[in-house]
Every structure is written in C-alpha cells, then in structure tokens.
Amino acid sequence: MDEGAGRPARREPGIAAVAEAAGVSYMTVSRVINGRGGVGQATRERVRKIIDEMGYRPNVVARALRTGRTHSIGVVCFASTFHGPASLLFSVEQAARSAGFSVSVVTLNVLDDMSIDQALAELREQAIEAIIVISPHRSSGDALRSMHSDIPVVAIWGPEEVGMHVMGMDHVEAAAKATTHLLDLGHPTVWHVSGPAGWTGSDLRVKGWRSTLADAGREIPPVYEGDWLATSGYEAGRQILGRGDVSAVFLSNDQMALGFMAAARELGRTIPDDLSVVGYDDEPGSAFFSPPLTTVHQDFELIGRRAFELTERLLDSGDRDSTMVTALPPELVVRASTGPYAG
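In terms of the UniProt record's numbering, the sequence shown opens at residue 1 and continues consecutively.
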C-alpha cells in the first residue's frame, strides 16, 4: 500500500510565501525576481536570501512569456573534484539562484572544440541566456576562442588572451607576494612545487615566483611539478629536502603543502625554525595544519559571485562585443609556518 496515498502533494513555496517571510509586498518580490528597479539594495538582498532559504524557484516558462527572458544561465565546467573548481561551481550556482536565475550545468572531461560545441548545443535547447565557463586548463583557450555565440560568455580562470570576458585572481601577483614574503624573512632563495603544467593558475604562479627571484637577483631553483594532491607534495618534499640548503618552499596549493610538511617532519626538519612553507588557496582546514599554514587566500566565493554579476550586467546592457580581463587582488594570510632564515 502506498503510504503517501490520499495525502496532498507538498506545495512548493510561492511568491506570496516569500513576501510574507521577507516582510515585503508581493510586487517587491516580483521586482527582485525579474531584476527590475525600485527596490533598495538591503531589501533586495533580504528577499534574495529568503528565496534561497525557502527554495523558491520561479516558473521559468511563465516568466519568459511575460518578460521575453528566461533568466537561465548555463555553466560549462571541467570534471574535477579538486577544491578550487568545485568551490567555484558552487559559488556561481548560489549567486545565480539567489538572483532568481535557474542554472544548467554541463560537466566535460576535456575542454576542446568538439566538447564545447556539444555543450553549447545542449544548453541552447534549454533556452539559456548566458554561459559561464570554468576553465582551469590553458589548452581550453583555442576552444574558447572558437566559440561562436550570440549570448554573453564569461570564462573563469580562462587564459587572458582568449578574447572574451575573463574573471579570476592575479596569480602572478599572488606568487610574487608569497615569494617576496619569504625573501623578506631573509631566506636566500625560494624553492617551488608547482601544479600540473598546462593549468593556467599553475603556470602563472610559476611565472610570478620565477620573475620575483630574478628581479631580486636570487638563484632560481628547478621547479618540482606536483599534481595538486598531498602525495605529490610529500614526494617533492622527500626529494627537495635531501639537500641541506633548502630553507624556504612555496607550493602551488595547500594539499601539496600538507604532504610536504609531513615529509619535512619525517626528515627531522622543524617548521618554521629551520624551514618555512607557504601554500596557496587558504582552503578550509589550512589554519589547523601543524603548524598553521601561511598561504595565499583565493576567494572562490567572491570569484564565482563576481563572474555571475558580470554576466548579469552583460545581459542587462545587451553588450556582446566588449572583452575584459578582471584579476582580483590576492591576499597573503601569514600564519605560523614561516619564520626568519636561521642561517
């Protein structure tokens, strides 16, 4: 017997319920959902928060018939469980849904011309108004350049030369800050464990690290390439720390830093007394490493939100021709894993 038989179906919350919870009128909620003016910023944010908390989803078909817009965007992303890409996808979805947009996600194993074309065709069937591409690989540049789209496209982490709107963080400046911090502590040079070659962020961090050492007239050690995982940081640590003169290391993400620090402990090195370590991302938990990790804070929530806000502005303005690279300024979070050069 069906235990649910005879019970009324659970009704999804409507505009009236949102208005009551937010303490505003039905018309105010409608204006927020449809992106119209006449609503103060504080009220707009409160309504969007209530919409998100209640799980209200506007009727896209009805709204499209009324306004001529679907308020639906597509997100194309590389299949990855790494902290950065996953956090960005979550942030974009949260920002879009809070603004009353529906989101369709296409996950690809490779970001090449054929895969991008297939993703575009799939998304167009869903009447999306704009596309956000989360593009961590430099090889995706050719595919992004070949996109023939009459709707706005924003690339997060895309190569700067793709000829479209690109949103991300200034990885070159971030790596320079990390390297300069270690040099300012008196370390004669800084070793580097990079991410995989071909990842845009990894390549730019290498560039920032190398140029900072060159500008300071310091020796530039060989780069050790990791794969973002703690195991590769551990293996790099076993190799690099075999040398007795290594006093400072900058790693391209926090997980590799975690593995590197484990190798250092096994080899009898003391952080930060005779070895300083800097990571990258400031992922949850990095403040609880032993010792707490000095790292570059990469604000994935802000990057995803700014990417959506840019997309929304492009939709509102009708701009289809301009291109712009937005590189958000980095922040170095100094904790207990770095200290003065012991000599």
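Here a beta-carbon is modelled for each residue, glycine too, at the ideal position from N, C-alpha and C.
Just how far apart, CA to CA, sit G38 and R31? On the sequence shown, position 38 is the one that residue 38 refers to. On the sequence shown, position 31 is the one that residue 31 refers to. Just so you know, the alpha carbons of G38 and R31 end up roughly 8 angstroms apart.
If we count Cβ pairs, one from each stretch, closer than 8 angstroms, do we get three or more for the stretch 97 to 110 versus the stretch 317 to 328? Remark: fewer than three beta-carbon pairs, one from each stretch, lie closer than 8 angstroms, so the stretch 97 to 110 and the stretch 317 to 328 are not flagged as touching.
Among L302, P340 and V190, which one has its Cα closest to the Cα of D273? Residue 273 sits at position 273 when you count from the first residue of the sequence shown. Comparing Cα-Cα distances from D273 to each of L302, P340 and V190, the minimum goes to P340.
I need the boundaries of the alpha helix (DSSP H) containing W191, first residue and last residue. Here residue 191 is taken as the residue at index 191 of the sequence shown, counted from 1. Note, W191: premise wrong, no alpha helix (DSSP H); beta strand (DSSP E) at W191 to S194.
Measuring alpha carbon to alpha carbon, tell me which of V325, P152, L229 and M261 ends up nearest R238. Residue 238 sits at position 238 when you count from the first residue of the sequence shown. Taking only the C-alpha atoms, the option nearest R238 is M261.
Please say whether I156 and A16 have beta carbons closer to each other than 7 angstroms? Against the sequence shown, residue 16 aligns to sequence position 16. Against the sequence shown, residue 156 aligns to sequence position 156. Remark: C-beta atoms of A16 and I156 do not approach each other more closely than 7 angstroms.
Would you be able to state if there are at least three C-beta pairs under 8 angstroms between the stretch 207 to 216 and the stretch 171 to 186? Judged by Cβ distances under 8 angstroms, the stretch 171 to 186 makes contact with the stretch 207 to 216, as three or more pairs qualify.
Whether V334 touches T294 by CB criterion (7 angstroms): Here residue 334 corresponds to residue number 334 of the sequence shown, with the count starting at 1. Here residue 294 corresponds to residue number 294 of the sequence shown, with the count starting at 1. If you check the CB distance, V334 and T294 come in under 7 angstroms.
If I measure Cβ to Cβ from S140 and keep anything under 6 angstroms in the same chain, skipping five residues before and after, which residues do I get? The residue given as residue 140 occupies position 140 in the sequence shown. If we look at S140 and ignore the five residues flanking it on each side, its Cβ neighbours are L111.
For L275, I'd like the list of residues in its chain whose CB is within less than 8 angstroms of its CB, leaving aside the five on either flank, ordered along the chain. Along the sequence shown, read from residue 1 onward, the residue named residue 275 stands at position 275. The beta carbon of L275 sits closer than 8 angstroms to the beta carbons of L241, V246, S247, A248, V249, A264 and R269 from its chain, once the five residues preceding and following it are set aside; these are given in chain order.
Which class does E219 belong to by DSSP, given the choice of helix, strand or coil? In the sequence shown, the residue the question calls residue 219 occupies position 219. The answer is coil: DSSP assigns E219 none of H, G, I, E or B.
Less than 8 angstroms between C-beta atoms, sequence neighbours within five positions excluded: which residues of the same chain meet that for W199? Within the sequence shown, numbered from 1, the residue matching residue 199 stands at position 199. Excluding positions up to five away in sequence, the list reads P136, H137 and R138.
Return the CA-CA distance between E283 and H297, expressed in angstroms with no decimal places. Residue 283 sits at position 283 when you count from the first residue of the sequence shown. Residue 297 sits at position 297 when you count from the first residue of the sequence shown. The straight-line gap from Cα to Cα measures roughly 8 angstroms.
Kindly indicate which residue of I51, R218 and A257 has the alpha-carbon position closest to the one of D227. Mapped onto the sequence shown, residue 227 falls at position 227. That would be A257, whose Cα lies nearest to the Cα of D227.
Taking the beta carbon of F300 as the centre, do at least 16 other beta carbons fall within 10 Å, making it buried, or is it exposed? By 1-based counting over the sequence shown, the position of residue 300 is 300. By the neighbour-count rule (16 or more Cβ atoms within 10 Å), F300 is buried.
For V223 versus S194, is the C-beta distance shorter than 7 angstroms? To locate residue 223, count along the sequence shown from 1; it is residue 223. To locate residue 194, count along the sequence shown from 1; it is residue 194. Taking 7 angstroms as the Cβ cut-off, V223 and S194 qualify as a contacting pair.
Kindly give me the distance between the Cβ atoms of S91 and I303, rounded to whole angstroms, as I take these residues to be in contact under 8 angstroms. Here the question's residue 91 lines up with position 91 in the sequence shown. Here the question's residue 303 lines up with position 303 in the sequence shown. About 7 angstroms; that satisfies the 8 angstroms criterion.
Starting from the Cα of R305, find the closest Cα among E160, A214 and Q94 and give me that residue. What you label residue 305 is simply residue 305 of the sequence shown in a count that begins at 1. If we check each option's Cα against that of R305, Q94 comes out closest.
According to DSSP, is I51 part of a helix, a strand, or is it coil? Here residue 51 is taken as the residue at index 51 of the sequence shown, counted from 1. In the three-state DSSP reduction, I51 falls in the helix class (H, G or I).
What do you get for F288, buried or exposed, if any count of 16 or more other CB atoms within 10 angstroms of its CB means buried? Counted from its first residue, the sequence shown places residue 288 at position 288. Label assigned to F288: exposed.
DSSP bridge partner residues for V103 (one or two, in chain order): What you label residue 103 is simply residue 103 of the sequence shown in a count that begins at 1. Beta bridge pairing from DSSP links V103 with I73.
Using DSSP with H/G/I as helix, E/B as strand and the rest coil, what is A336? Here residue 336 corresponds to residue number 336 of the sequence shown, with the count starting at 1. Residue state, collapsed to three classes: coil.
Presumed contact (8 angstroms Cβ cut-off) between R69 and E122, rounded CB distance: As a first step, residue 69 is located in the sequence shown; it is residue number 69 there, counting from the start. As a first step, residue 122 is located in the sequence shown; it is residue number 122 there, counting from the start. The pair is not a contact, with the Cβ atoms about 20 angstroms apart (cut-off 8 angstroms).
With DSSP as the reference, please indicate the residues paired to L251 in a beta bridge. Translated into the one-based positions of the sequence shown, residue 251 becomes position 251. Answer by DSSP bridge pairing, in chain order: V193.
C-alpha gap between G55 and A327, whole angstroms: The residue given as residue 55 occupies position 55 in the sequence shown. The residue given as residue 327 occupies position 327 in the sequence shown. Straight-line measurement puts the Cα of A327 at about 32 angstroms from the Cα of G55.
Could you check which residue in A99, K49, D215 and H83 has the C-alpha nearest to that of S72? For the purposes of this step, residue 72 is identified with residue 72 of the sequence shown, where counting begins at 1. Each of A99, K49, D215 and H83 was checked against the Cα of S72, and the nearest Cα belongs to A99.
P292 to S337, Cα distance in whole Å? What you label residue 292 is simply residue 292 of the sequence shown in a count that begins at 1. What you label residue 337 is simply residue 337 of the sequence shown in a count that begins at 1. About 6 angstroms.
How about R218 and T179: do their beta carbons lie closer than 7 angstroms? Here residue 218 is taken as the residue at index 218 of the sequence shown, counted from 1. Here residue 179 is taken as the residue at index 179 of the sequence shown, counted from 1. Note that the C-beta distance between R218 and T179 is not below 7 angstroms.
At 4 residues or longer, what runs of the alpha helix (DSSP H) sit wholly inside the stretch 132 to 184? Those alpha helix (DSSP H) runs which fall completely within the stretch 132 to 184 and span 4+ residues are 140 to 145 and 171 to 184.
Mapping DSSP to helix, strand and coil, what is F308? Here the question's residue 308 lines up with position 308 in the sequence shown. In the displayed model, F308 falls within a helix according to three-state DSSP.
Rounded to whole angstroms, what's the CA-CA distance from G40 to A216? Just pull it up for me. As a working mapping, residue 40 is identified with position 40 in the sequence shown. As a working mapping, residue 216 is identified with position 216 in the sequence shown. So the alpha carbons of these two residues sit roughly 50 angstroms apart.
What first and last residue would you give for the alpha helix (DSSP H) that runs through Y234? In the sequence shown, residue 234 corresponds to position 234, counting from 1. Looking at the DSSP string, the run of the alpha helix (DSSP H) that includes Y234 is A230 to I240.
Taking the beta carbon of residue 401 as the centre, do at least 16 other beta carbons fall within 10 Å, making it buried, or is it exposed? Given a span of 1 to 343 for the chain in the structure shown, any question on residue 401 remains unanswerable.
Does L88 pass the burial test, meaning 16 or more other C-beta atoms within 10 Å, or should it be called exposed? Numbered from its first residue, the sequence shown carries residue 88 at position 88. Here L88 is buried, its C-beta having at least 16 other C-beta atoms within 10 Å.
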